[in-house]
Amino acid sequence: MFGSASQTATSAPAGIALPRRISRRDLASSPLLVFYELTQACDLVCTHCRACAQPARHPEELDTERSLRLIEQLTEFPSPPHLVLTGGDPLKRADLFELVEHAAWFGLEVSITPIATPLATREAIARLRRAGASRMAVSIDGPNAASHDATRGVAGSFQRSLQMLADARDEGFSTQVNTTLTPANADAIDEMADLFASLQIAMWSVFFLVPTGRAAHAARLSAVAAEAAFERLWRHSQRQPYVIKTTEAPHYRRFVAQRRAAATERGPAAPPTSPALHLNDGKGVMFISHVGEIMPSGFLPIVCGRYPSDDVVAVYQQAPLMQALRDQDRLEGKCRRCEYRGMCGGSRARAFAVSGNPLAEEPDCCFQPAATTPPAGSQENGCGAR
Ligand code: SF4
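Numbering (numbering that gives the first Met the number 0), first residue to last: 0 to 385.
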């Protein structure tokens, strides 16, 4: 349910059925996920890196002491969040193990997203587990070395990623694969889905590209192609032994709701599922950058406050943009009129990246709301999904 600085989940996941304990959380007062970007330093040069990661650490990165106090501040939320330590490459910080241990000691669930470099040794993975991290996510963007390594910019990255997953599993981590879906790998969904089944992962997190960071000019799936990807992901979710969820594609929740409704119409009522939280950027999700900028997500780079001068709890609860992002009546365009806006709302990060307005309609959804038809001359996407 989380990811690293490449186009992976430093933002809102969609389509996860969550435990009942979590479903009661008030997203206006506590985020479910807090992403702390420990550093932007990374030895890879991924083509779609959100953080535009660099080899060297930033001189104004939050130091150990401030990072420890930040972790403590997170425990002041009414419901303490799940902490995702991301980057860059978190392993570029020597104090990573201390930070994990501190967060675990304070009762936070900790996930980690190390990058597939020589730093990710079996010993480092074992130390992270001993320090108290519980889940590890590794990015894989293709079903084989040729496709994955081309994206990562380093030969051997695919093999190293597989080894990291095996090591993490052996050390007792729950494991997750993060994949950024683009026109270059969308045809390989079936191959990837079957490969990941053999890796005994707990979750496949599929990210729909947001044109920001190094991916600002990268090709992303069209609305129609996204709908086709949803269909394939939905089919795999019916048969694979791991959970599939999307990130920056909350309209997958709409797609799943439509499929379930259609199935119910055709036969006996679909079995009840556990309640799901409808996370979105700033709604159950918060991001803190390597220099303390507080944002709705890693893909929605609008600074709402700055730690340590601002209190992270107060910023999440009270910053005007955070509040607006949690108010479905503030949505614009067809998302405002959409009957699925409560569970979806569109990717706020993609709306901002494409239009400059974080409340604008999702640009890559082809659904046409029932409430109204698009005005003449509208640019709204449409693919006959209704
Ligand atoms: S129109 Fe907007 S709210 Fe409705 S399904 Fe599409 S992205 Fe979601």
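Beta carbons are placed, not taken as given, at the ideal position from N, Cα and C, and that holds for glycine.
Which residues bound the alpha helix (DSSP H) around residue i?
{"i": "F229", "result": "222-238"}
{"i": "F436", "result": "Nothing can be reported for residue 436: it is not among the residues displayed for the chain, which extend from 0 to 385."}
{"i": "R134", "result": "It is not in any alpha helix (DSSP H) - R134 instead sits in the beta strand (DSSP E) that spans 134-138."}
{"i": "K91", "result": "Counting along the chain, K91 falls outside any alpha helix (DSSP H), and DSSP gives it neither H nor E."}
{"i": "T63", "result": "63-73"}
{"i": "I124", "result": "121-130"}
{"i": "I188", "result": "188-197"}
{"i": "M321", "result": "319-324"}
{"i": "E361", "result": "Note, E361: premise wrong, no alpha helix (DSSP H); not H, not E."}
{"i": "R335", "result": "332-336"}
{"i": "L26", "result": "That residue, L26, is in no alpha helix (DSSP H); it is neither H nor E in DSSP."}
{"i": "T211", "result": "Note, T211: premise wrong, no alpha helix (DSSP H); not H, not E."}
{"i": "D162", "result": "The question names Asp, yet the displayed sequence has Gln at residue 162. Looking at the DSSP string, the run of the alpha helix (DSSP H) that includes Q162 is 156-169."}
{"i": "S146", "result": "144-151"}
{"i": "E60", "result": "Element bounds for E60: n/a, residue is neither H nor E."}
{"i": "F254", "result": "250-265"}
{"i": "S354", "result": "347-354"}
Hey, residue i and residue j are a contact pair by Cβ (cut 8 Å); roughly how many whole angstroms apart?
{"i": "G86", "j": "L37", "result": "6 Å"}
{"i": "S160", "j": "I139", "result": "5 Å"}
{"i": "L61", "j": "V290", "result": "7 Å"}
{"i": "I181", "j": "A218", "result": "Looking at the sequence itself, residue 181 is Thr, so the reference to Ile does not match. Indeed, because the Cβ distance is near 6 Å, the residues count as touching under 8 Å."}
{"i": "V209", "j": "R349", "result": "5 Å"}
{"i": "A394", "j": "A185", "result": "A question about residue 394 goes unanswered here, because the residues of the chain that appear run from 0 up to 385."}
{"i": "S133", "j": "F172", "result": "7 Å"}
{"i": "Y241", "j": "I200", "result": "5 Å"}
{"i": "G283", "j": "L32", "result": "7 Å"}
{"i": "M202", "j": "K244", "result": "7 Å"}
{"i": "D309", "j": "I293", "result": "7 Å"}
{"i": "V312", "j": "M321", "result": "11 Å between Cβ atoms; not a contact."}
{"i": "G355", "j": "P249", "result": "About 20 Å; that fails the 8 Å criterion."}
{"i": "F34", "j": "G297", "result": "6 Å"}
{"i": "C343", "j": "P368", "result": "Their Cβ separation, rounded to whole angstroms, is 11 Å, which puts C343 and P368 out of contact at 8 Å."}
For residue i, which residues does DSSP report across the bridge?
{"i": "L32", "result": "H81, V284"}
{"i": "E292", "result": "R305"}
{"i": "M202", "result": "Q175, V242"}
{"i": "L299", "result": "S296"}
{"i": "N279", "result": "K282"}
Locate the beta strand (DSSP E) running through residue i, then write down its first and last residues.
{"i": "Q39", "result": "No beta strand (DSSP E) contains Q39, which DSSP labels as neither H nor E."}
{"i": "Q175", "result": "173-180"}
{"i": "T246", "result": "242-246"}
{"i": "S110", "result": "109-111"}
Less than 8 Å between CB atoms is the rule here; does residue i satisfy it with respect to chain C?
{"i": "S133", "result": "Within the model displayed, chain C is absent; a lone protein chain is all it includes."}
Is the beta carbon of residue i within less than 7 Å of some heavy atom of the ligand ADP?
{"i": "C334", "result": "Looking at this structure, you won't find the ligand ADP anywhere; what it does contain is the ligand SF4."}
Taking 5 Å as the limit, tell me which residues put their C-beta closer than that to any heavy atom of the ligand SF4, in chain order.
The set, ordered by position in the chain, is H250, R253, K333, C334, C337, Y339, R340, C343, G345, E361, C364, F366.
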